[in-house]
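Residue numbers 535 to 780, in our numbering, belong to the letters of the sequence shown in order. One structure is given below, encoded as structure tokens.
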Amino acid sequence: MSETPSDTVEVHPDADTLVAAAAARFVQVVTAAQAERGSASVVLTGGGTGIAMLEQVRKSPGDIDWSRLDIFWGDERFVPAGDPERNELQARQALLDHVPVDHARVHPVATSDGEYPDPVEAAAEYSAAVHAHLAEHGAFDVHLLGMGPDAHINSLFPGTDAVREEHELVVAVTNSPKPPPVRVTLTLPAVRRSRHVMLVVAGAGKAEAVAAAVGGAEPIDIPAAGAAGQESTTWLLDREAASALR
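As structure tokens, then:
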């Protein structure tokens, strides 16, 4: 992970406190971006902690203007519409179906049974939406990331072609080591096109990966080490996830 003065590590006593703190920071970043630039954009993540954070934002949304928010996803399982494994569906159930978003500003990845049944075509379609947004706005305002015990973020797994990608912002993954095997993901270059990156991680099973990433490991081996925001990179951890930090 690149070292900048704005890189921070926050350790919270337990997962519930972590989720509340992450939700509060998310609301703060979004409202500040809207106050400064008129609108904001976020990249959402899945996983138990990420979805719990969205549920907390639903309960305490602060002053977010949902009509002036563009919503993307860091990755998506390439499965049919309505499949409970879709990050989009989980995010809608946790938050988006309960707030007045502008549906034209919600940018999901195509489903496997939709207009783009080939994952490479789906990745290209999603890439076009990402490029159009970045051309107009310069960067995402906040990119939320969870992390697996192997240090994967989005669908960027250690040693894979996707984590080695240096140019494309979106790629298809057809051999994910974690099922389902077919996915569409933002790459590390896309993560770095974010003003603020938030890595929200809980659990002792992820402690060694956290320590390696924070310690500056090679992103090809420890993908989370490659996550860096243009203005800030914040690790929000519970005590167990932070237990291997020195």
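Yeah, the Cβ is synthetic: ideal placement off N, Cα and C, and Gly gets one too.
(request) Could you tell me the distance, in whole angstroms, from the CA atom of A532 to the CA atom of D772? (result) Since the displayed the chain opens at 535 and closes at 780, residue 532 lies outside it and no answer follows.
(request) With a floor of 4 residues, list each alpha helix (DSSP H) that falls wholly inside the stretch 617 to 662, ordered by position along the chain. (result) Runs found: 621 to 628.
(message) At 3 residues or longer, what runs of the beta strand (DSSP E) sit wholly inside the stretch 539 to 599?
(response) Within the stretch 539 to 599, the complete beta strand (DSSP E) segments at least 3 residues long are 541 to 546 and 574 to 578, listed from N- to C-terminus.
(request) Could you tell me the distance, in whole angstroms, from the CA atom of G580 to the CA atom of E589? (result) Reading the sequence shown from its first residue, position 46 is the one you call residue 580. Reading the sequence shown from its first residue, position 55 is the one you call residue 589. About 12 Å.
(request) Indicate whether V697 and P653 have their beta-carbon atoms separated by less than 8 Å. (result) Here the question's residue 697 lines up with position 163 in the sequence shown. Here the question's residue 653 lines up with position 119 in the sequence shown. No, these two residues do not count as a Cβ contact at 8 Å.
(request) Give a yes or no on whether the C-beta atoms belonging to A778 and E742 are separated by under 8 Å. (result) For this step, residue 778 is matched to residue 244 along the sequence shown. For this step, residue 742 is matched to residue 208 along the sequence shown. Result yes, Cβ atoms of A778 and E742 sit closer than 8 Å.
(request) Provide the residue span of the alpha helix (DSSP H) that contains A747, from first to last. (result) Here residue 747 refers to the residue found at position 213 when the sequence shown is read from its first residue. A741 to V748 is the extent of the alpha helix (DSSP H) around A747.
(request) May I have the straight-line CA-CA distance separating V564 from T767, to the nearest angstrom? (result) Working through the sequence shown from its first residue, we reach residue 564 at position 30. Working through the sequence shown from its first residue, we reach residue 767 at position 233. Rounded to whole angstroms, the gap between the alpha carbons of V564 and T767 is 15 Å.
(request) Give me whichever residues DSSP pairs with A673 in a beta bridge. (result) Walking along the sequence shown from the start, residue 673 turns up at place 139. According to the DSSP secondary-structure assignment, A673 is paired through a beta bridge with no residue.
(request) Kindly list the residues whose CB is nearer than 8 Å to the CB of E544, restricted to its own chain and excluding five residues on each side of it in sequence; keep chain order. (result) For the purposes of this step, residue 544 is identified with residue 10 of the sequence shown, where counting begins at 1. A555, T768, W769, L770 and L771.
(request) Give the range of the alpha helix (DSSP H) segment to which L722 is assigned. (result) For the purposes of this step, residue 722 is taken as residue 188 along the sequence shown, with counting starting at 1. If you look at L722, you'll find it in the alpha helix (DSSP H) that goes L722 to V725.
(message) Which residue wins for smallest C-alpha separation from A658, given the options G760, A706 and R611?
(response) In the sequence shown, counting from the first residue as 1, residue 658 sits at position 124. Measuring from the Cα of A658, the nearest candidate turns out to be A706.
(message) Using only CA atoms, which one of H665, V734, A644 and E670 lies nearest to T721?
(response) On the sequence shown, residue 721 is found 187 positions in, with the first residue counted as 1. Taking only the C-alpha atoms, the option nearest T721 is H665.
(message) Going by C-alpha to C-alpha distance, which of G680, G608 and P651 sits closest to A736?
(response) Mapped onto the sequence shown, residue 736 falls at position 202. With distances taken between CA atoms, A736 lies nearest to G680 out of G680, G608 and P651.
(message) Check this for me: beta carbons of D831 and N688, under 8 Å apart or not?
(response) Residue 831 is absent from the structure shown; the chain starts at 535 and stops at 780.
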